[in-house]
Amino acid sequence: MTATATLPDRVPPVPGPPHDSTWHRLDARAGWRAATLDGLEREPDRWALTLVRAPGVRRRLDEASGSLGGLVPPGNVALGGEGSVYLLHLERGRLLRFDGCACAFQEVPCFGGRGGGVRELLDPRGIETDLMSLYVADAGEAESGGRVVVVALPEMAIRALWTLPPDPERGRAQPWRPVAVAADGRGAIWVADPANARVHRFDRLGRLRGSVAGMGGVRHLAVDCRGRVYAVLDGETEARVIEPGGGTPGRASDPEPLRPRFPRLPFAVDRDGRMELGPLCPRGGPAWFDLSGEPATPIDPASEAQFGASGLYLSEPLDSRIHRCQWHRVVVRAEVPEGTRLSIATWSAEAPPPASEVASLPETAWATQLSVAPGKTGEWDGLVRSGPGRYLWLRLRFAGSGAATPRLHSVNVEFPRVSLRRYLPAVWSEDALSADFADRFLAVFDAGFREVERRLDTQAALYDPMSTPAAFLPWLASWIGASLGRQWPERTRREFLERAAGFYRQQGTPGGLRAQLLFFLGMEGSGERGGCPAEAPRPARCEPRPGPCGELVAERRAWEPPPLILEHYRLRRWLFLGAGRLGDDAVLWGQRIVNRSQLLAAGPAERGAQVGVTRLITTPDPLRDPFHVYAHRFTVFVPAARACTPERRRALEGVVGAAAPAHTRWHVEYVEPRFRIGFQSMIGLDSVVGQYPRGVTLGGTSLGPASVLGAGPPDAPPRPRIGSTSRL
Numbered sequence: 009m010t011a012t013a014t015l016p017d018r019v020p021p022v023p024g025p026p027h028d029s030t031w032h033r034l035d036a037r038a039g040w041r042a043a044t045l046d047g048l049e050r051e052p053d054r055w056a057l058t059l060v061r062a063p064g065v066r067r068r069l070d071e072a073s074g075s076l077g078g079l080v081p082p083g084n085v086a087l088g089g090e091g092s093v094y095l096l097h098l099e100r101g102r103l104l105r106f107d108g109c110a111c112a113f114q115e116v117p118c119f120g121g122r123g124g125g126v127r128e129l130l131d132p133r134g135i136e137t138d139l140m141s142l143y144v145a146d147a148g149e150a151e152s153g154g155r156v157v158v159v160a161l162p163e164m165a166i167r168a169l170w171t172l173p174p175d176p177e178r179g180r181a182q183p184w185r186p187v188a189v190a191a192d193g194r195g196a197i198w199v200a201d202p203a204n205a206r207v208h209r210f211d212r213l214g215r216l217r218g219s220v221a222g223m224g225g226v227r228h229l230a231v232d233c234r235g236r237v238y239a240v241l242d243g244e245t246e247a248r249v250i251e252p253g254g255g256t257p258g259r260a261s262d263p264e265p266l267r268p269r270f271p272r273l274p275f276a277v278d279r280d281g282r283m284e285l286g287p288l289c290p291r292g293g294p295a296w297f298d299l300s301g302e303p304a305t306p307i308d309p310a311s312e313a314q315f316g317a318s319g320l321y322l323s324e325p326l327d328s329r330i331h332r333c334q335w336h337r338v339v340v341r342a343e344v345p346e347g348t349r350l351s352i353a354t355w356s357a358e359a360p361p362p363a364s365e366v367a368s369l370p371e372t373a374w375a376t377q378l379s380v381a382p383g384k385t386g387e388w389d390g391l392v393r394s395g396p397g398r399y400l401w402l403r404l405r406f407a408g409s410g411a412a413t414p415r416l417h418s419v420n421v422e423f424p425r426v427s428l429r430r431y432l433p434a435v436w437s438e439d440a441l442s443a444d445f446a447d448r449f450l451a452v453f454d455a456g457f458r459e460v461e462r463r464l465d466t467q468a469a470l471y472d473p474m475s476t477p478a479a480f481l482p483w484l485a486s487w488i489g490a491s492l493g494r495q496w497p498e499r500t501r502r503e504f505l506e507r508a509a510g511f512y513r514q515q516g517t518p519g520g521l522r523a524q525l526l527f528f529l530g531m532e533g534s535g536e537r538g539g540c541p542a543e544a545p546r547p548a549r550c551e552p553r554p555g556p557c558g559e560l561v562a563e564r565r566a567w568e569p570p571p572l573i574l575e576h577y578r579l580r581r582w583l584f585l586g587a588g589r590l591g592d593d594a595v596l597w598g599q600r601i602v603n604r605s606q607l608l609a610a611g612p613a614e615r616g617a618q619v620g621v622t623r624l625i626t627t628p629d630p631l632r633d634p635f636h637v638y639a640h641r642f643t644v645f646v647p648a649a650r651a652c653t654p655e656r657r658r659a660l661e662g663v664v665g666a667a668a669p670a671h672t673r674w675h676v677e678y679v680e681p682r683f684r685i686g687f688q689s690m691i692g693l694d695s696v697v698g699q700y701p702r703g704v705t706l707g708g709t710s711l712g713p714a715s716v717l718g719a720g721p722p723d724a725p726p727r728p729r730i731g732s733t734s735r736l
């Protein structure tokens with residue numbers, strides 16, 4: 009038997025008669041399958057069907073903020089590769105960075121202004137990033153010309169100041185006015201220069217690689233995923249499109265058809281350039297900011313969006329492939345605000361007539377006639393009242409108030425009707441009228457029974473630690489005798505249960521304890537799971553973002569987890585007759601091991617028992633003291649940053665206590681990042697060797713182990729500095 013022949017056996021069976029109905033799904037992902045779509049459009053952000061927006065409300069590519077109708081951030085806003093949002097304050101010439109924890113913009117130190125890391129910005133216009141550098145378009149003055157300031161990320165150190173190469177005829181630098189900059193993700197940096205009516209293309213080293221002429225008055229630039237450059241010019245409502253291979257620029261007028269060409273923004277941008285950065289804040293909620301980084305008033309939806317009054321959706325013929333199929337029900341998931349209405353009707357036939365005939369059917373031919381109550385959000389369902397027929401047509405009518413619109417997310421059309429009437433005596437089905445009444449009456453209970461059947465069909469998910477509800481995790485752990493700490497993150501608890509069988513095979517061994525510790529601390533690979541609350545698993549928005557149009561390629565490096573566990577028997581370094589030499593880290597053991605009491609002095613040079621010095625120990629055998637001191641003991645060395653709270657330490661010690669053999673004694677040592685001869689000197693266990701601190705950040709560096717103060721000899725390494733002119 010071939011591999012392809014066994015594939016259907018591994019695929020779950022599709023629900024079908026006689027036990028369950030199947031369905032046609034209509035949504036943005038599966039396709040709306042619309043034969044007629046009048047007065048409706050697909051909402052870009054929610055992928056729902058809505059009434060069309062009024063012409064004056066549609067987004068435009070020539071919006072003053074430079075966002076191209078919300079396709080890209082405003083011209084003075086850029087997204088960093090690490091998920092940061094940078095904003096260039098055009099009036100002050102300062103760079104701000106959005107702090108998600110504070111849900112506010114914070115000024116980046118050592119940037120712009122007099123005495124900062126970037127020299128005075130004369131006329132800042134826009135910024136862009138390419139995951140490694142930040143590019144600032146400084147238009148400058150008419151006499152001195154402009155420049156593009158290239159700043160390294162995240163160090164904020166100047167890499168270069170770009171200008172146009174010297175004019176061969178004049179022998180001096182060409183004047184220009186860079187007002188916008190865009191990176192295409194392929195190593196090209198595009199700079200708008202209205203002074204020369206050109207758009208220049210630089211490489212990442214600042215070398216001019218070409219220019220596109222005829223761009224007088226250009227003020228905004230953007231690049232899509234295919235490398236096309238969109239330039240917005242003064243006095244033009246359309247954007248000029250520069251293809252990657254050059255050629256005559258094309259034109260684009262509507263941002264909606266262009267939306268699939270651009271990566272989706274992590275926040276919304278309105279027509280005035282205000283940004284809704286609430287999704288980037290841990291607490292969530294609305295948080296609007298203007299182009300200066302200041303909080304802005306939330307936009308009133310009634311004034312922001314105006315819609316048409318009515319719309320019509322008519323589906324294509326939905327084929328059941330069943331002769332004289334009795335369609336079962338329609339399930340609608342939608343939002344219907346107050347003042348709006350959504351109505352549903354159906355028509356069935358055994359053979360599909362022409363589309364024009366379906367559109368001209370009289371109102372009496374349409375059945376079902378469901379109306380969704382206004383002011384509701386969720387799912388509604390109703391029986392299909394149309395007669396038997398292989399094909400079904402679905403008609404939806406939208407009605408709005410002008411300030412709001414219904415939003416249709418999906419429609420499920422179930423077929424055929426599998427009624428509970430089949431369990432009743434045949435007398436209930438003697439005539440069509442009685443059968444129809446029984447079907448409609450029993451459909452009230454059918455929804456409840458379907459819910460019970462769904463729970464029975466999906467109950468296997470309760471026994472899978474990755475799919476069971478979080479409240480069931482302790483119950484599932486009790487099946488295998490596992491104990492889950494209350495302080496453990498939900499993701500850690502689920503993964504522990506999934507891998508419990510592998511851990512239990514090594515239970516009671518050093519390798520098993522180390523495996524559990526590496527798992528709990530998140531040190532099995534380069535990923536981060538454990539640590540302080542600030543280092544806990546972050547939302548996707550706080551993780552490094554992919555590039556403009558693709559995923560980040562992680563650098564491959566060898567990862568070797570630390571040993572973590574030191575068994576004390578390995579510390580026995582005694583001299584044995586015929587097997588040891590002085591100088592081989594061997595030591596002679598004596599009173600320091602146990603320091604037992606001696607009632608009588610063995611000689612004039614020895615002392616007996618002393619009060620406060622000698623311990624009175626009677627067990628076990630003194631001759632075996634050196635072995636008992638180091639036997640059945642071990643120490644676990646954990647980076648202090650991985651357990652910086654009492655709750656985290658209790659959870660970690662609980663893991664060690666549960667995995668350690670009962671006859672052993674253990675101790676957890678929290679290692680600080682330092683190296684001290686005689687105290688912390690075992691590399692890989694209790695010592696961490698780091699690099700020399702480059703500088704002290706005001707408000708970010710604690711005086712102590714991580715900082716060095718005071719002057720040193722001339723040949724000493726450089727001391728930490730604040731800024732560029734002062735020293736500690």
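Residue numbers (the working numbering): 9 to 736.
In this text, a Cβ means the ideal position worked out from N, Cα and C, and glycines have one as well.
All values reported here derive from a predicted model rather than from experimental measurement.
Query, Result
"Cutoff 7 Å: Thr672 Cβ touching any chain D Cβ", "No chain D appears in the structure shown, which is made up of a single protein chain."
"C-beta contact flag for Asp70 and Val240 at 7 Å", "yes"
"Beta-carbon contacts of Ala42 that lie in its chain and below 8 Å, excluding the five residues immediately before and after", "Tyr321, Leu322, Ser323, Glu324"
"Length of the line joining the Cα atoms of Trp388 and Trp483", "35 Å"
"In DSSP terms, what Asp201 is bridged to", "Arg206"
"Rounded straight-line distance, which links the Cα of Gly91 to that of Pro554", "Low local confidence applies: a pLDDT of 48 at Pro554 is under 50, so the model's placement there is unreliable, with the coordinate-based value given in what follows. Each residue's Cα considered, the two are about 9 Å apart."
"Spatial distance of Arg578 from Tyr638 (CA atoms)", "8 Å"
"Cβ contact (3+ pairs, closer than 8 Å) linking the segment 370 to 380 and the segment 457 to 476", "no"
"Closer than 6 Å: Cys233 CB and nearest the ligand ZN heavy atom", "As presented, the structure is devoid of all ligands, the ligand ZN included, so that no description of it is given."
"His675, DSSP secondary structure in three states", "strand"
"Start-to-end residues for the alpha helix (DSSP H) that takes in Thr500", "498 to 506"
"Same chain, Cβ closer than 6 Å to Gly516, neighbours up to 5 away in sequence not counted", "Pro669"
"Residue range of the beta strand (DSSP E) that includes Gly258", "258 to 260"
"Per DSSP, cross-strand counterpart(s) of Ala230", "Tyr238"
"Residue environment, Cys333, which counts as buried when at least 16 other CB atoms sit within 10 Å", "buried"
"Pairwise C-alpha distance: Cys109 and Val116", "16 Å"
"Residue burial classification, Ser491 (beta-carbon count within 10 angstroms, cutoff 16)", "exposed"
"Span of the beta strand (DSSP E) around Val85", "85 to 87"
"Three CB pairs or more closer than 8 Å across the segment 356 to 372 and the segment 426 to 443", "no"
"Alpha helix (DSSP H) segments (min. 4 residues) lying fully within the segment 350 to 406", "363 to 367"
"For Asp35: DSSP bridge partner residues", "Gly39, Ser418"
"Beta-carbon proximity list for Ser300, same chain, < 7 Å, skipping 5 on both sides", "His97"
"Residues near Asp7 by beta carbon distance below 7 Å, same chain, minus five either side", "For residue 7 there is no data in the structure shown, the boundaries of the chain being 9 and 736."
"Residue closest to Ser409, alpha-carbon to alpha-carbon, out of Ala38, Leu79, Thr30, Thr58", "Thr58"
"Contacts around Glu559, its chain only, beta-carbon distance under 6 Å, and the 5 residues preceding and following it disregarded", "In this prediction, Glu559 scores a pLDDT of 44, lower than 50, which makes its location untrustworthy; the coordinate-derived value is nonetheless stated afterwards. Counting only Cβ-Cβ distances below 6 Å, and skipping sequence neighbours, we find nothing."
"For Phe275, three-class secondary structure by DSSP", "coil"
"DSSP-derived helix/strand/coil call for Ala744", "Coverage of the chain is limited to positions 9 through 736, which leaves residue 744 absent and any answer about it impossible."
"Buried or exposed by the 16-neighbour rule on C-beta atoms within 10 Å, applied to Ile250", "buried"
"Distance between Ser356 and Val419 (C-alpha atoms, nearest Å)", "17 Å"
"DSSP three-state assignment for Arg448, whether helix, strand or coil", "helix"
"Secondary structure of Phe119, DSSP reduced to three states", "coil"
"Helix, strand or coil at Val426 [DSSP, three-state]", "coil"
"Which listed residue (Trp170, Leu288, Ser261, Gly224) has its alpha carbon closest to that of Pro274", "Leu288"
"Rounded C-alpha distance that separates Glu343 from Asp192", "38 Å"
"Residue of Ala411, Tyr431, Asp280, Gln114 minimising C-alpha distance to Leu95", "Gln114"
"Arg105 versus Ala648, Leu285, Ala485, residue with shortest Cα-Cα distance", "Leu285"
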